[in-house]
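Quick notes on the structure that follows.
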Amino acid sequence: VEEELVQFYIKKGFSKETSEKIADFLLKNENVALEEMLMHELKVFPEEFESPVKLGFLMSLYLIVGGIIPMVPFIISYLIRQFQFSLAVASAMALIIITLGIFGIIGTKYTGLTKHKGALEQIGTGLIALVGSYIAGILLAHFIPATFLP
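So the sequence shown is numbered by our numbering: it starts at 144 and just counts up by one.
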């Protein structure tokens, strides 16, 4: 741990001697040293996790918003009969990609990624989950006959 801290402060522009002094000072208190490692190496900031209720509420909000937004084209398709189903599917896919990108940009506050990388990462993982769910549905359809459903 000490060597990692020393290397971190050398990369920040401190001399080796100064970096060793900083690391020695920080390691006198184990909690401070762990917080330093979390912040600098893992980009995790402990104060962001002080309120689990707030984080739980935020995650619930993301799930609700992320689930409702793609449904909007289908609701419009139901209400306006001239709105074709295929257009609703294409619109929902576009909204999913946009929503994932926005969530990825918001998430960069916690991940330390650039906004561009955060958006692309979120879109990529979201699309992998979407394709995986679709494939799982197709596979399950072969094992569960449609007559089995109510």
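Heads up, the beta-carbon is just placed ideally off N, CA and C, and yes, glycines get one too.
CA nearest to the CA of residue i, picked from the options
| i | options | result |
| --- | --- | --- |
| I271 | S229, E160, I240 and A231 | I240 |
| E173 | E145, Q150 and H285 | E145 |
| Y205 | I223, A233, I248 and S229 | I248 |
| L263 | S276, A284 and F246 | F246 |
Residue i, enclosing alpha helix (DSSP H) - first and last residue
| i | result |
| --- | --- |
| L263 | K258 to F286 |
| S229 | F228 to T254 |
| I153 | E145 to K154 |
| S203 | P195 to I211 |
| S158 | No alpha helix (DSSP H) contains S158, which DSSP labels as neither H nor E. |
| I218 | V215 to L222 |
9 Å Cβ cutoff met for residue i and residue j
| i | j | result |
| --- | --- | --- |
| V215 | A235 | yes |
| M180 | L148 | yes |
| I266 | G244 | yes |
| T268 | G261 | no |
| I219 | A231 | yes |
Own chain, CB closer than 8 Å to residue i, minus 5 neighbours either side, in chain order
| i | result |
| --- | --- |
| I153 | K159 and S162 |
| T242 | V208, G209, I212 and P213 |
Contacts around residue i, its chain only, beta-carbon distance under 6 Å, and the 5 residues preceding and following it disregarded
| i | result |
| --- | --- |
| A166 | E145, L148 and V149 |
| K258 | I248 and T251 |
Residues of its chain near residue i, where Cβ-Cβ distance is below 7 Å and the 5 sequence neighbours each way are ignored
| i | result |
| --- | --- |
| L108 | Residue 108 is absent from the model: the chain starts at 144 and stops at 293. |
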